[in-house]
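Trainee: Okay, here's the structure, questions in a sec.
Protein chains: 2
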Amino acid sequence: MRQQDAIIQTLKAKGLRVTPQRFAVYANLLDRCDHPTAEQVLSDLNQEAPTSSQSTVYTSLQALCEVGLVREVLLEEGVCRYDANVLPHHHFCCRCCGRIEDIAWEDLQGVSIDRVRSGLQVESYEVTLRGCCEQCQSANS
Amino acid sequence: MRQQDAIIQTLKAKGLRVTPQRFAVYANLLDRCDHPTAEQVLSDLNQEAPTSSQSTVYTSLQALCEVGLVREVLLEEGVCRYDANVLPHHHFCCRCCGRIEDIAWEDLQGVSIDRVRSGLQVESYEVTLRGCCEQCQSANS
DNA sequence: TCCTAAGTCAGAATTATTCTTAGTTGTGTC
DNA sequence: GACACAACTAAGAATAATTCTGACTTAGGA
Chain A
362 MRQQDAIIQT
372 LKAKGLRVTP
382 QRFAVYANLL
392 DRCDHPTAEQ
402 VLSDLNQEAP
412 TSSQSTVYTS
422 LQALCEVGLV
432 REVLLEEGVC
442 RYDANVLPHH
452 HFCCRCCGRI
462 EDIAWEDLQG
472 VSIDRVRSGL
482 QVESYEVTLR
492 GCCEQCQSAN
502 S
Chain B
362 MRQQDAIIQT
372 LKAKGLRVTP
382 QRFAVYANLL
392 DRCDHPTAEQ
402 VLSDLNQEAP
412 TSSQSTVYTS
422 LQALCEVGLV
432 REVLLEEGVC
442 RYDANVLPHH
452 HFCCRCCGRI
462 EDIAWEDLQG
472 VSIDRVRSGL
482 QVESYEVTLR
492 GCCEQCQSAN
502 S
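Top to bottom, those sequences are chains A and B.
Residue 362 is where the first sequence starts when you use the working numbering, and the numbers rise one by one after that.
Residue 362 is where the second sequence starts when you use the working numbering, and the numbers rise one by one after that.
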């Protein structure tokens with residue numbers, strides 16, 4: 362209950378109308394720690410009962426992105442994934458299974474952008490690690 | 362001429378057949394320092410005379426990727442860009458115009474992955490800087 | 001309660017990419 | 001050089017992700 366109210370307040374604070382569909386999309390994203398595609402959110406929401414149409418999920422995700430509650434993550438070809446963790450953080454992407462995991466900002470410190478040529482005004486950065494996750498390591502051995 | 366021979370040798374060394382179309386795709390990528398989309402390569406090649414079909418450009422790019430002569434760069438929604446610079450390096454992506462620029466590997470040293478949890482086997486990483494390029498800075502002011 | 005802008009829907013349209021099938025060509029072998 | 005065959009290419013159909021369209025609905029302020 363508390364959680365739901367918090368979501369409603371957050372949406373309102375960003376000037377978004379609170380509709381059942383939009384609520385469901387955002388709640389779903391907050392609830393899961395993977396980085397689902399629009400398609401995955403859609404099917405997840407409609408699993409038990411039809412909740413939202415495809416285009417609604419797309420526009421909801423876009424609206425949430427625009428106000429900064431959600432961000433797009435581009436780590437894989439062709440599809441766009443979404444992440445409700447908008448605090449700065451990095452990503453680990455498994456080469457084998459495609460799984461994506463958040464890496465805490467503090468776990469990768471030491472990136473110094475001093476030497477980047479001065480013409481470029483750097484506002485943010487993020488690191489993408491690639492490699493092999495535990496499951497795939499044991500599966501391959 | 363030397364350049365052309367070098368390209369031919371490189372392709373052969375990777376076990377790829379040297380065809381006019383594949384040669385043209387790779388030469389085009391090497392020649393430009395931006396990171397074109399498949400679409401851009403296609404229209405560039407066919408600007409003066411029809412050289413390659415759409416699907417040939419796609420399969421050529423894929424073949425070049427597979428042997429490691431070219432890599433995909435995913436910095437922008439929806440489209441896949443290609444980069445003939447396969448030495449490790451980072452990217453700067455302009456928030457305003459979308460321009461992408463290579464950042465030399467040495468210019469961003471000091472990323473230490475020690476603190477990443479040990480279950481993840483990190484094989485490579487790259488940093489994406491986001492911000493505003495010179496042109497856009499002066500355009501906005 | 002009423003109004004209206006914002007949101008939603010179903011399905012069509014668009015866009016990037018891949019597949020299919022048939023024809024073409026480079027290359028090792030004779 | 002001729003042959004065979006696998007790799008390559010073309011044109012267009014197919015697919016998949018996303019966006020658009022136009023009519024309908026609804027949240028939330030007056």
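By construction, the Cβ of each residue, glycine as well, lies at the ideal position given by its N, Cα and C atoms.
Please read all numbers here as calculations on a predicted model, not as lab measurements.
When you check each C-beta in the stretch 407 to 435 of chain B against every C-beta of chain A, which residues fall closer than 7 Å?
Mentor: Cβ contacts with chain A come from E433 and L435.
Trainee: For chain B, check one thing: does any of its Cβ atoms lie closer than 8 Å to the Cβ of R456(A)?
Mentor: It does; some Cβ of chain B falls within 8 Å.
Trainee: Excluding five sequence neighbours on each side, which residues of the same chain lie with their C-beta closer than 8 Å to the C-beta of V472(B)?
Mentor: Correct list, in chain order: Y486 and V488.
Trainee: Going by the beta-carbon positions, is the gap between L436(B) and L435(A) smaller than 8 Å?
Mentor: Yes.
Trainee: Under DSSP, the beta strand (DSSP E) around E487(A) begins and ends at which residues?
Mentor: Note, E487(A): beta strand (DSSP E), Q482 to C493.
Trainee: Report the residue from A367(A), C394(A), H451(A) and C457(A) whose alpha carbon sits nearest the alpha carbon of W466(A).
Mentor: Looking at the Cα atoms, H451(A) is the closest of the given residues.
Trainee: With a floor of 4 residues, list each alpha helix (DSSP H) that falls wholly inside the stretch 384 to 421 of chain B, ordered by position along the chain.
Mentor: The stretch 384 to 421 of chain B contains these whole alpha helix (DSSP H) runs: 399 to 406.
Trainee: List, in order along the chain, the chain B residues whose C-beta lies closer than 7 Å to that of Q498(A)?
Mentor: Within 7 Å Cβ-Cβ: Q482.
Trainee: Could you list which residues in chain A have their beta carbon closer than 8 Å to that of E438(B), in chain order?
Mentor: Ordered by position in chain A, the residues that pass the 8 Å Cβ test against E438(B) are E433, L435 and C441.
Trainee: If you draw a straight line from the alpha carbon of D366(A) to that of A388(A), how long is it in whole angstroms?
Mentor: Going from the Cα of D366(A) to the Cα of A388(A) covers about 11 Å.
Trainee: How close, in whole Å, do the beta carbons of C505(A) and C458(A) come, if the pair is a contact with beta carbons under 8 Å?
Mentor: Nothing can be reported for residue 505(A): it is not among the residues displayed for chain A, which extend from 362 to 502.
Trainee: Using a Cβ-Cβ cut-off of 8 Å, state whether D468(A) counts as contacting chain B.
Mentor: Judged by the 8 Å Cβ criterion, D468(A) is in contact with chain B.
Trainee: Mind checking who R378(A) pairs with in its DSSP beta bridge?
Mentor: According to DSSP, R378(A) bridges with nothing at all.
Trainee: Straight-line CA distance for Q415(A) to N407(A)?
Mentor: Going from the Cα of Q415(A) to the Cα of N407(A) covers about 10 Å.
Trainee: With the cut-off set at 8 Å, would you say L430(A) and Y443(A) are in Cβ contact?
Mentor: Not in contact: L430(A) and Y443(A) (Cβ atoms no closer than 8 Å).
Trainee: Can you give the Cα-Cα distance for D395(B) and I474(B), rounded to whole angstroms?
Mentor: Whole-angstrom Cα-Cα distance: 29 Å.
Trainee: So within the stretch 430 to 489 of chain B, which uninterrupted beta strand (DSSP E) runs reach at least 3 residues, ignoring any that extend past its ends?
Mentor: Runs found: 432 to 434, 442 to 444, 450 to 455 and 461 to 465.
Trainee: Can you tell me whether DSSP reads S502(B) as helix, strand or coil?
Mentor: Coil.
Trainee: Would you check if the distance between the CB atom of R460(A) and the CB atom of C493(A) is smaller than 8 Å?
Mentor: Contact flag unset, no.
Trainee: Using only CA atoms, which one of R491(A), Q470(A), D392(A) and Q382(A) lies nearest to T420(A)?
Mentor: Ranking the options by Cα distance to T420(A), first place goes to Q382(A).
Trainee: So which of F384(B), V386(B), A374(B) and L391(B) has the shortest CA-CA distance to V447(B)?
Mentor: Selected option, being the one with the closest Cα: L391(B).
Trainee: Taking the alpha-carbon positions, what's the P411(A) to Q364(B) distance?
Mentor: The straight-line gap from Cα to Cα measures roughly 59 Å.
Trainee: Taking its Cβ as the centre, do 16 or more other Cβ atoms sit within 10 Å of S413(B), making it buried, or is it exposed?
Mentor: Buried, because 16 or more other Cβ atoms sit within 10 Å of the Cβ of S413(B).
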